[in-house]
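Written below as structure tokens is the structure these notes are about.
Numbering (the numbering used here), first residue to last: 7 to 82.
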């Protein structure tokens, strides 16, 4: 109970109330579960994918053809 009340200082009353209500709806009443709910809600978005230079992009997509690789191996 003390840990949940302590979370009010960092999370705010509405966030803790929502977390408690969500946990009780799921039939859970342990403090670690309740404290985890606001933590999951504030997880950051994944970073955007980096831009790839056109010079690094493939001009010919590789084909999944094992016979082609066997042919190249015999020729070399």
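Ideal placement from N, C-alpha and C gives every residue a C-beta, glycine not left out.
- DSSP, reduced to helix, strand and coil, places residue 71 outside both helices and strands of the structure shown, so it counts as coil.
- Look at the beta carbons and you see the region 35-44 touching the region 13-21: at least three pairs across the two are nearer than 8 angstroms.
- Pairing residue 27 with residue 44 gives a Cβ-Cβ distance that is not under 8 angstroms.
- Secondary structure of residue 20 (DSSP, three-state): helix.
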